[in-house]
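Going by this note's numbering, the first residue of the sequence shown is number 9, and it counts up by one from there. Don't be surprised by glycine CBs; every beta carbon is placed ideally from N, CA and C. Every value quoted in this text rests on a predicted model; they were computed, and no experiment measured them. Here is the structure we will look at.
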Amino acid sequence: MIVDIEKLSVDYAGIKALEDVSFGIAEGDFLGIIGPNGAGKSTLFRCMLGLHTQYDGTIKFFDQDIRDSKRYLSQIGFVPQKPVVDRNFPATIREIVSMSQNSNDSKKVEEALQKVWMHELADRRIGDLSVGQQQRVFIAKALVNSPKILVLDEPVTGIDVYNQDLFFQILGELNTREKISIIWSSHDLDAVERLAN
9 MIVDIEKLSV DYAGIKALED VSFGIAEGDF LGIIGPNGAG KSTLFRCMLG
59 LHTQYDGTIK FFDQDIRDSK RYLSQIGFVP QKPVVDRNFP ATIREIVSMS
109 QNSNDSKKVE EALQKVWMHE LADRRIGDLS VGQQQRVFIA KALVNSPKIL
159 VLDEPVTGID VYNQDLFFQI LGELNTREKI SIIWSSHDLD AVERLAN
């Protein structure tokens, strides 16, 4: 198992955000987590990423409890819900993708841009892109580090239908060709059902 979560519970001042959540993810899995806003999806991801440490239960990546080591983080690519990009921000797509841990490897940057079909636009400013294109850039940024798993928090919120379809194609290819496991949270059952196994 890449990820093994057992009886994960999170309590905020007496309010249960998560209660006894258990699941596992194997290599190549595509897991959809469905729930309305406020259901605990982002809390789950914060725990998995080591950002929220006050929880009961266990979270293991590659058979190692995340409380014992943070080395697993290099194997995770995280794309937050609708990253906010100022339209006047001067950085290009290539520069944004290069801001990852392996930014000194220009070949990996170019490969990541190709995987999300943004290589031809690499010299455009990120602020000039649509929300859907920006999300693809942030997936490329996550891919530079060659993750075993992608964690996507509400990735198609605010994205038009055309860019959603491109997004689904790209994720399907990353999952099947690259064997990247994907965890995707959404409140949209139809979107997740298209790809999750």
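Could you tell me whether the Cβ atoms of residue i and residue j are closer together than 7 Å?
i, j, result
"Leu16", "Val29", "yes"
"Ile10", "Ile157", "yes"
"Lys187", "Leu151", "no"
"Pro44", "His195", "yes"
"Val93", "Ser106", "no"
"Ser50", "Asp173", "no"
I believe residue i touches residue j by the beta-carbon criterion, under 8 Å. Please report the beta-carbon distance rounded to the nearest angstrom.
i, j, result
"Val159", "Phe86", "5 Å"
"Ala130", "Thr100", "7 Å"
Excluding the five sequence neighbours on either side, which residues of its own chain have a C-beta within less than 7 Å of the C-beta of residue i, listed in chain order?
i, result
"Ile167", "Val139, Gly140, Gln143 and Phe175"
"Gly135", "Val93, Asp94, Arg95, Asn96 and Phe97"
Given that a residue counts as buried once 16 or more other Cβ atoms are within 10 Å of its Cβ, and exposed if not, what is residue i?
i, result
"Leu197", "exposed"
"Glu35", "exposed"
"Glu201", "exposed"
Please work out which residues of its chain come closer than 6 Å, Cβ to Cβ, to residue i, disregarding the five sequence neighbours upstream and downstream, and give them in chain order.
i, result
"Arg54", "His60"
"Phe31", "Ile13"
"Leu182", "Ile188"
Note down, in chain order, each residue of its chain lying with its Cβ closer than 8 Å to the Cβ of residue i, except the 5 sequence neighbours on either side.
i, result
"Asp71", "Met9 and Asp12"
What runs of the beta strand (DSSP E), each 3 residues or longer, lie entirely inside the segment 10 to 61? You should have 11 to 20, 23 to 33 and 38 to 42.
Output the residue ranges of the alpha helix (DSSP H) runs that lie fully inside the segment 97 to 158 and measure 4 residues or longer, sorted by chain position. Here the runs fully enclosed are 101 to 105, 114 to 123 and 139 to 151.
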